[in-house]
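*Asks:*
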Amino acid sequence: ALRSATVTSWSTSILRDVPFGAIQIAVFEGLKIIIVQSPDVNFDTNTLLSEAVLGAAGGFVGSLFSAPADVVVTRLVTQAEGVERVGLLTMAKRIYEENGIEGFINGARERAAYWTPAIGIFLSVYCTLRKFALLNF
1 ALRSATVTSW
11 STSILRDVPF
21 GAIQIAVFEG
31 LKIIIVQSPD
41 VNFDTNTLLS
51 EAVLGAAGGF
61 VGSLFSAPAD
71 VVVTRLVTQA
81 EGVERVGLLT
91 MAKRIYEENG
101 IEGFINGARE
111 RAAYWTPAIG
121 IFLSVYCTLR
131 KFALLNF
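Going left to right, the sequence shown walks through residues 1 to 137 as my numbering numbers them.
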């Protein structure tokens, strides 16, 4: 039973985390491209601060889009011991039956509040270290 719960939680986490990562990077890089290609915008997209702001935007958008999957993952992981464990689709149906569509955005504000600065910090530090490595190694 524990192995089955672990596999279910892991596979559902993949369904949450892969899109989250893809969206945050796409928003980050897409915003950089839009800014660089805009002749009326005078903004250096390669500074630590600009990469932090653009990364935060990516983290915000990604966290909101992946919030429904996060609700399902959380509910799957926190299922009570000793009762029949349910899978992804059954849990999603249960969430909908209990709270309607709003049930899938429970905690979205908190998720965005966490991931917005976290991804801003991560991407700005990553880009800084990447530039340093490219110049020095």
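Note that the Cβ used here is the ideal one computed from N, Cα and C, for glycine as well.
The model shown is predicted, which means the values in this text are computed figures rather than measured ones.
Suppose only complete runs of 3+ residues qualify. What are the beta strand (DSSP E) ranges in the region 29-111, listed by chain order?
*Replies:* Taken in chain order, no unbroken stretch of beta strand (DSSP E) lies wholly in the region 29-111 with a span of 3 residues or more.
*Asks:* Rounded to whole angstroms, what is the Cα-Cα separation between Ile25 and Val41?
*Replies:* As a working note, residue 25 is residue 25 in the sequence shown. As a working note, residue 41 is residue 41 in the sequence shown. Distance between the alpha carbons of Ile25 and Val41 is about 21 Å.
*Asks:* Would Gly82 be called buried (16 or more neighbouring beta carbons within 10 Å of its own) or exposed?
*Replies:* Counted from its first residue, the sequence shown places residue 82 at position 82. Classification of Gly82: exposed, given that the 10 Å Cβ count is below 16.
*Asks:* Tell whether a beta-carbon distance below 8 Å holds between Val73 and Ile95.
*Replies:* Taking the first residue of the sequence shown as 1, we reach residue 73 at position 73. Taking the first residue of the sequence shown as 1, we reach residue 95 at position 95. No. Outside cutoff.
*Asks:* Below 8 Å between beta carbons: does that hold for Leu135 and Ala108?
*Replies:* As a working mapping, residue 135 is identified with position 135 in the sequence shown. As a working mapping, residue 108 is identified with position 108 in the sequence shown. Not closer than 8 Å, so no.
*Asks:* Secondary structure at Phe132, three-state DSSP: helix, strand or coil?
*Replies:* Along the sequence shown, one-based indexing puts residue 132 at 132. It is helical.
*Asks:* Thinking just about the alpha-carbon of each residue, which of Ile105, Phe137, Gly55 is nearest to the one in Ile119?
*Replies:* On the sequence shown, position 119 is the one that residue 119 refers to. Comparing Cα positions, the closest option is Gly55.
*Asks:* Can you tell me whether DSSP reads Phe137 as helix, strand or coil?
*Replies:* By 1-based counting over the sequence shown, the position of residue 137 is 137. DSSP places Phe137 in coil when its eight states are reduced to three.
*Asks:* Measure the Cβ-Cβ separation of Gly58 and Leu123 and say whether it is below 8 Å.
*Replies:* Within the sequence shown, residue 58 is the residue found at index 58, counting from 1. Within the sequence shown, residue 123 is the residue found at index 123, counting from 1. Their beta carbons are under 8 Å apart, which means Gly58 touches Leu123 by this criterion.
*Asks:* May I have the straight-line CA-CA distance separating Ile34 from Phe28, to the nearest angstrom?
*Replies:* What you label residue 34 is simply residue 34 of the sequence shown in a count that begins at 1. What you label residue 28 is simply residue 28 of the sequence shown in a count that begins at 1. Rounded to whole angstroms, Ile34 to Phe28 spans 10 Å at the Cα level.
*Asks:* Could you tell me which of Pro19, Ala67, Asp17 sits nearest to Ile101, measuring between CA atoms?
*Replies:* Working through the sequence shown from its first residue, we reach residue 101 at position 101. Comparing Cα positions, the closest option is Ala67.
*Asks:* As a quick exercise: from Val61, Phe104, Cys127, Phe137, pick the residue whose alpha carbon is nearest that of Ala113.
*Replies:* Numbered from its first residue, the sequence shown carries residue 113 at position 113. The residue with the shortest Cα to Cα distance from Ala113 is Val61.
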